[in-house]
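Encoded as structure tokens, the structure appears first; notes follow it.
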Amino acid sequence: MDATQGRLASLRRRRIIASSLTLLAVIATAVAVQSVANRLGDASTATGWTLLVATAGLYLLSLRKKLIQHRLGSVSAWLQMHTYMGSFASIVFLMHIGWPIRGWFEIALATCFAIVAVTGIVLTYMSRVLPKRLSTIKQDFRLELIPALRLSVTKDAHELAIHSASFGEGATLVEFYQIRLLPFFLSRRSWFYRFVPTGFTRRQLLRELHDLDRYLAEQGLQSRMQLATMVQTKDDLDYHYALQTRLRTLFVMHIALTWSLAVMIAIHVVLVYRFQGTVL
Amino acid sequence: MTKVGPQRDVTEPRFRPNTTWVCGHSDLGFACALGPTSNGKCGNHHPTCAHDPATSGAPACSSCELACHKRLNVEGTPSPWRECETVGHAPCVPVRSAWSVRNQLALNLALATAGILLCMMAFPQREATFVPGSLSSKHAQILDNRVVSERCSLCHPNSHTLAKASGEIATQDELCARCHEGHLPKLHERSPHDLDRAEVKQLTLTALASRGLLVSFGQLEIEKGSQSAGPYDSPSSVNEPAVAPQLQALLTSSELKTECASCHVEHHGRQSDLQAISDTRCQACHAKQFTSFGNGHPEFSNYPAAQPRRIAFTHKAHLEKHFSKKNEPFDCSQCHVDSNRRGGVGSVFRTLGFEATCARCHNESINAAAIDGWVLLQLPSVKPEDVQQSGLGLSDWPSTAQFGYEGSIPLVMRALLTADTSLDTALKRLPESGDIQSIAEYAKLGRDTTISLAGGARALIGDIAANGQVAWKMRLESVLTTALARELSPRELKLVDELCAGLPPDVFRQMQQNWFGERVGGIAENPVTAPQAHRPVAQMASVQDEDRLLGSAEPNEDLLLGSVSEPAAPLVMPKQTKLRGAIHVVQGGWYLDNETLSLRYMPRGHSDATLAAWSEFATLWAGAKVGSSKNSVPLTAFSKQVPGGCTQCHVLNIHDAALRNPDSPWTAISNPTTARSITQFDHTPHLTLPTVSDCKYCHQLANGQAETNAFDLYCEFKSLHLEQCSACHRPNAASTSCTHCHNYHVTVPALANPLSAGTGH
Chain L
1 MDATQGRLAS LRRRRIIASS LTLLAVIATA VAVQSVANRL GDASTATGWT LLVATAGLYL
61 LSLRKKLIQH RLGSVSAWLQ MHTYMGSFAS IVFLMHIGWP IRGWFEIALA TCFAIVAVTG
121 IVLTYMSRVL PKRLSTIKQD FRLELIPALR LSVTKDAHEL AIHSASFGEG ATLVEFYQIR
181 LLPFFLSRRS WFYRFVPTGF TRRQLLRELH DLDRYLAEQG LQSRMQLATM VQTKDDLDYH
241 YALQTRLRTL FVMHIALTWS LAVMIAIHVV LVYRFQGTVL
Chain U
1 MTKVGPQRDV TEPRFRPNTT WVCGHSDLGF ACALGPTSNG KCGNHHPTCA HDPATSGAPA
61 CSSCELACHK RLNVEGTPSP WRECETVGHA PCVPVRSAWS VRNQLALNLA LATAGILLCM
121 MAFPQREATF VPGSLSSKHA QILDNRVVSE RCSLCHPNSH TLAKASGEIA TQDELCARCH
181 EGHLPKLHER SPHDLDRAEV KQLTLTALAS RGLLVSFGQL EIEKGSQSAG PYDSPSSVNE
241 PAVAPQLQAL LTSSELKTEC ASCHVEHHGR QSDLQAISDT RCQACHAKQF TSFGNGHPEF
301 SNYPAAQPRR IAFTHKAHLE KHFSKKNEPF DCSQCHVDSN RRGGVGSVFR TLGFEATCAR
361 CHNESINAAA IDGWVLLQLP SVKPEDVQQS GLGLSDWPST AQFGYEGSIP LVMRALLTAD
421 TSLDTALKRL PESGDIQSIA EYAKLGRDTT ISLAGGARAL IGDIAANGQV AWKMRLESVL
481 TTALARELSP RELKLVDELC AGLPPDVFRQ MQQNWFGERV GGIAENPVTA PQAHRPVAQM
541 ASVQDEDRLL GSAEPNEDLL LGSVSEPAAP LVMPKQTKLR GAIHVVQGGW YLDNETLSLR
601 YMPRGHSDAT LAAWSEFATL WAGAKVGSSK NSVPLTAFSK QVPGGCTQCH VLNIHDAALR
661 NPDSPWTAIS NPTTARSITQ FDHTPHLTLP TVSDCKYCHQ LANGQAETNA FDLYCEFKSL
721 HLEQCSACHR PNAASTSCTH CHNYHVTVPA LANPLSAGTG H
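Residue numbers (my numbering), protein chains in the order written: chain L, 1 to 280; chain U, 1 to 761.
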């Protein structure tokens with residue numbers, strides 16, 4: 001308990017220090033850029049190089065993940081540095097671009113950077129929020145295993161429903177399974193559910209299952225309870241799948257565009273120096 | 001219990017997120033523990049397994065069995081173990097892991113991005129693709145024209161290889177200057193405000209000194225307003241510890257270089273303002289820093305600045321004397337505002353011209369000044385005994401000019417006689433007014449002087465009668481050249497031409513005929529004993545010609561009539577009135593007055609070219625004469641002898657460059673619309689404001705008597721104060737930006753040209 005509290009205190013202290021450093025860096029950059037502009041200097045070049053260095057720093061996280069043999073600090077520390085440097089880069093990016101952004105290439109570059117930055121910010125937020133939401137479910141499920149587990153639950157529910165047909169009141173349960181539960185177990189959840197996962201279907205099915213109790217004897221009640229548990233398990237799996245898929249999709253978007261961004265940044269730098277006033 | 005070793009990998013294979021391939025049966029819940037190979041093949045096809053059920057149908061070996069021992073431990077759910085038995089160990093189709101898909105996607109996207117961009121570079125539309133925004137409306141045609149290919153290279157020296165291939169490499173600023181140097185001629189200097197570097201240094205040193213930023217000048221002595229920047233040319237001379245750091249930086253030449261793109265940022269859209277610049281950026285170079293126009297801006301001094309003028313006009317006299325006498329309102333806009341035109345300071349001009357402003361009061365007096373014509377040449381009177389004296393050459397002197405030594409030598413005649421060096425002595429005795437009777441020691445010297453001048457006049461008339469305008473011109477050129485002691489400028493030569501223009505040589509031949517009785521062509525005629533009727537000899541009509549046709553005693557005419565021996569029948573002559581210039585030569589021109597034996601000129605009101613030319617000539621000649629020892633008589637009032645009082649209003653300055661240059665000195669100096677001084681002001685929007693529309697809010701007459709003939713720098717108004725402007729130009733009200741009142745690019749030197757000296761501070 002003390003260790004956990006100590007870890008939390010350390011994390012909080014680290015966050016405060018990192019946030020302060022980021023804020024100081026932003027203020028220093030803003031003052032420097034303003035000073036350059038006031039001295040008839042090229043503020044765009046100043047912010048551009050600052051942005052380039054910060055962006056290069058963001059790629060260090062990928063490098064760190066590759067270099068697992070060396071002791072280069074924990075990945076979580078690197079991730080935290082990546083997060084704050086990303087925040088800094090995003091603010092410098094706003095200083096760098098003029099508004100509105102003009103030119104097809106410039107718009108594409110800015111859009112790419114904006115997507116990467118926004119997905120990064122959202123990922124940072126979700127990585128803090130989603131674990132709390134997922135922890136409300138008893139069991140953790142790894143995203144890669146969820147399809148198999150879903151299939152398993154479906155098969156078990158099917159077997160149980162078939163087995164229920166062998167005793168008298170089980171026909172009611174089988175009929176309900178066929179009409180209401182089978183589509184639930186077999187089908188994937190809607191896109192709406194993936195964006196806004198709710199327990200509406202779960203609650204509705206459980207209520208309807210509970211309404212069958214008056215038609216069921218002891219054996220049927222036992223089977224009904226097992227089916228209710230399976231409905232809850234299936235819904236938990238779907239809930240996990242929705243939230244984790246959302247996180248993974250954003251992460252894929254964040255990662256997938258970084259290299260396109262690198263290509264466009266390289267071309268942008270070349271064009272800037274190719275088209276500047278002096279003779280190369 | 002912690003599971004260790006291979007047993008754990010077999011029963012609960014550790015999840016490896018960074019593997020490229022995963023078992024195709026993963027989603028079914030019985031992934032093979034061996035997993036696919038690195039190149040994406042199913043592990044159950046491993047050649048070392050002899051019991052591959054896919055090929056042999058034999059039972060699986062122990063390794064394969066172990067691979068199916070994967071159990072899913074979902075709480076409360078039955079195991080799908082039996083599926084393993086049905087599906088068995090059938091080989092799967094491995095699928096890419098999420099990690100691999102992500103990497104594949106990133107790589108493909110990057111390659112696609114690079115490919116698309118490279119393709120776009122190869123296409124002709126690359127300019128439209130990579131241009132970072134459209135150009136401003138002023139430059140839009142550069143990028144959007146369809147005449148030139150490789151349009152980027154018009155501004156960007158490295159954009160294409162064309163410039164380098166042709167060996168013509170220029171910086172971007174030089175490319176800017178190629179188009180803009182026409183109206184910003186000193187753009188190539190790349191110095192602040194396009195000023196000379198010495199001038200920038202001079203201004204800065206003065207500013208630093210006036211604000212105490214130069215602690216001690218040492219050997220630098222700044223003379224405020226001095227044009228010379230000599231002491232500051234050498235950086236070594238100012239490299240002293242007493243000199244402020246700003247100065248050290250200033251004197252480094254690189255500090256003085258500016259780039260167009262520092263202020264004019266392009267590719268910000270059609271509507272972007274290329275001239276937009278923040279006030280703080282303006283102050284980057286300036287010694288005096290201040291927060292806003294109303295807070296810290298240097299106080300005006302001598303603004304509007306005194307300016308040279310060519311019209312001797314005083315607002316004070318007109319306000320207090322003339323307009324008040326007539327009880328008329330002194331409305332500034334009557335003489336200064338023309339809303340249909342725009343000048344250097346908007347719709348307000350220094351003058352709207354004579355006809356629109358002065359003519360109402362002054363036209364009458366100007367026309368009345370020469371109602372009898374202007375006497376250019378008149379014969380002096382001698383005594384009859386001088387005529388009879390053979391040695392003097394005055395035998396044919398008109399009898400009407402034989403009543404004593406008197407008369408007047410007019411300005412023009414005096415100038416023409418001056419070319420005759422034999423008359424130097426006589427002309428020196430002649431007073432400025434030309435009146436013979438006013439000669440000093442008249443009793444003693446009057447006769448000799450008059451006879452000399454009479455002889456000179458006789459020769460002059462003969463010369464011009466024989467040679468026409470050439471003689472007139474040669475005499476005037478000789479006079480001016482001698483007086484100025486230099487070659488005449490183009491403007492002065494043009495002036496002499498103007499003096500000769502319109503002069504009818506036949507007038508002089510008629511003088512010889514009528515006054516001296518001489519035949520045209522040098523054949524002596526009967527001396528004219530009495531002047532004939534007054535006959536105007538203006539260019540248009542010749543009464544003389546009419547007389548011939550009417551049958552005067554001309555021999556040629558007799559021949560034409562064919563009755564030499566018979567006297568012509570007396571014709572009834574129409575009764576002619578006495579010739580008066582104001583009556584007979586109303587539209588202007590030259591005419592002979594045989595009664596007074598004079599040649600006269602009737603001007604054509606204001607702006608008469610002949611009078612203007614003679615006024616200029618008189619000013620030039622008099623100005624040259626003042627400093628000359630050749631003629632002791634002060635001739636400063638020569639120009640006043642020209643009728644119309646031109647020089648009462650028109651200030652003709654001998655030192656005015658306009659008198660030597662082709663420009664006319666008769667037009668009022670106005671702020672040229674093309675010249676850009678450091679300060680700009682537009683009256684037009686101010687005239688719409690009730691508080692300032694009557695001009696007196698800003699332009700208040702200074703106390704004291706203004707000099708009406710001052711022509712150097714003149715201003716009869718008090719200097720403006722900052723508060724007068726900042727009352728409106730304040731935050732959240734009228735603009736307070738630097739560029740609202742100041743130009744960055746100046747085309748006139750800030751110090752040298754008084755027209756641009758109104759820098760205010």
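Even glycine gets a Cβ: it sits at the ideal position worked out from N, Cα and C.
Short check: CB of residue i to CB of residue j, under 8 Å?
i: serine 615 (chain U); j: valine 642 (chain U); result: yes
i: histidine 283 (chain L); j: valine 153 (chain L); result: Residue 283 (chain L) lies beyond the range of chain L shown here (1 to 280); nothing can be said about it.
i: glycine 762 (chain U); j: serine 381 (chain U); result: One cannot answer for residue 762 (chain U) here, as it falls past the ends of chain U, which runs 1 to 761.
i: arginine 414 (chain U); j: glycine 434 (chain U); result: yes
i: alanine 419 (chain U); j: valine 345 (chain U); result: no
i: threonine 691 (chain U); j: histidine 742 (chain U); result: no
i: glutamate 181 (chain U); j: histidine 188 (chain U); result: yes
i: isoleucine 267 (chain L); j: leucine 117 (chain U); result: yes
i: glycine 157 (chain L); j: methionine 230 (chain L); result: The amino acid occupying residue 157 (chain L) in the given sequence is alanine; glycine does not appear at that position. Yes.
Might you give, ordered along the chain, the residues of its own chain that have their beta carbon closer than 6 Å to the beta carbon of residue i, omitting 5 neighbours on each side?
i: leucine 61 (chain L); result: Trp78 and His82
i: alanine 675 (chain U); result: Thr747 and Val748
i: leucine 763 (chain U); result: Residue 763 (chain U) lies beyond the stretch modelled for chain U, which goes from 1 to 761, so this question has no answer here.
i: proline 505 (chain U); result: Gly468
i: isoleucine 101 (chain L); result: Ile107 and Ala110
i: glutamine 700 (chain U); result: Lys718
i: tyrosine 241 (chain L); result: Ile146
i: aspartate 236 (chain L); result: Ile137
The alpha helix (DSSP H) spanning residue i covers which residue range?
i: glycine 589 (chain U); result: Taken as a continuous stretch (DSSP letters only), glycine 589 (chain U) belongs to no alpha helix (DSSP H), being part of the beta strand (DSSP E) at 589 to 593.
i: tyrosine 601 (chain U); result: Taken as a continuous stretch (DSSP letters only), tyrosine 601 (chain U) belongs to no alpha helix (DSSP H), being part of the beta strand (DSSP E) at 598 to 602.
i: valine 337 (chain U); result: First-last for valine 337 (chain U): undefined, no H or E at that position.
i: tyrosine 303 (chain U); result: Taken as a continuous stretch (DSSP letters only), tyrosine 303 (chain U) belongs to no alpha helix (DSSP H), as it is neither H nor E.
i: isoleucine 162 (chain L); result: 146 to 164
i: asparagine 367 (chain U); result: 359 to 368
i: glutamine 222 (chain L); result: 218 to 274
i: histidine 683 (chain U); result: 683 to 687
i: valine 31 (chain L); result: 2 to 38
i: histidine 180 (chain U); result: 172 to 180
i: valine 345 (chain U); result: Segment: none, valine 345 (chain U) is in no alpha helix (DSSP H) and carries neither H nor E.
Thinking residue i and residue j are a contact (beta carbons under 8 Å), I'd like their distance in whole angstroms, please.
i: asparagine 367 (chain U); j: glycine 517 (chain U); result: Actually they do not touch by this definition, with Cβ atoms about 37 Å apart.
i: alanine 161 (chain L); j: leucine 173 (chain L); result: 7 Å
i: isoleucine 771 (chain U); j: threonine 425 (chain U); result: Residue 771 (chain U) lies beyond the residue range present for chain U, which begins at 1 and ends at 761; the question has no answer from this structure.
i: threonine 113 (chain U); j: phenylalanine 105 (chain L); result: No, threonine 113 (chain U) and phenylalanine 105 (chain L) are not in contact; Cβ-Cβ is about 11 Å, not under 8 Å.
i: serine 134 (chain U); j: arginine 270 (chain U); result: 6 Å
Less than 7 Å between C-beta atoms, sequence neighbours within five positions excluded: which residues of the same chain meet that for residue i?
i: serine 598 (chain U); result: Val375, Leu377 and Gln378
i: phenylalanine 113 (chain L); result: Phe93 and Leu261
i: arginine 133 (chain L); result: Leu243
Kindly indicate the opening and closing residues of the beta strand (DSSP E) around residue i.
i: leucine 377 (chain U); result: 374 to 378
Looking only at its own chain, which residues have a Cβ that is under 8 Å from the Cβ of residue i, when we skip the five neighbours before and after it?
i: threonine 357 (chain U); result: Gln334, Cys335 and Thr351
i: valine 31 (chain L); result: none
i: threonine 47 (chain L); result: Thr29, Val33, Val92, Met95 and His96
i: histidine 297 (chain U); result: Phe290, Leu722, Ser726 and His761
i: leucine 8 (chain L); result: none
i: histidine 183 (chain U); result: Thr674 and Thr747
### Within the stretch 84 to 145 of chain U, ranges of the alpha helix (DSSP H) (whole runs, at least 4 residues)
Fully enclosed alpha helix (DSSP H) runs of 4 or longer: 98 to 122, 126 to 130 and 140 to 144.
### Query
Can you list the alpha helix (DSSP H) stretches of 4 or more residues lying completely in the stretch 456 to 517 of chain U, in chain order?
Listed in chain order, the complete alpha helix (DSSP H) runs (minimum 4 residues) inside the stretch 456 to 517 of chain U are 469 to 484, 490 to 500 and 505 to 514.
### Query
Which ranges does the beta strand (DSSP E) cover as unbroken runs of at least 3 residues, wholly within the stretch 13 to 43 of chain U, from first to last along the chain?
Taking only runs of at least 3 residues, no beta strand (DSSP E) segment lies wholly in the stretch 13 to 43 of chain U.
### Query
Curious, which full-length alpha helix (DSSP H) runs of at least 4 residues does the stretch 88 to 119 of chain L contain?
As far as the stretch 88 to 119 of chain L is concerned, it has no whole alpha helix (DSSP H) run of at least 4 residues.
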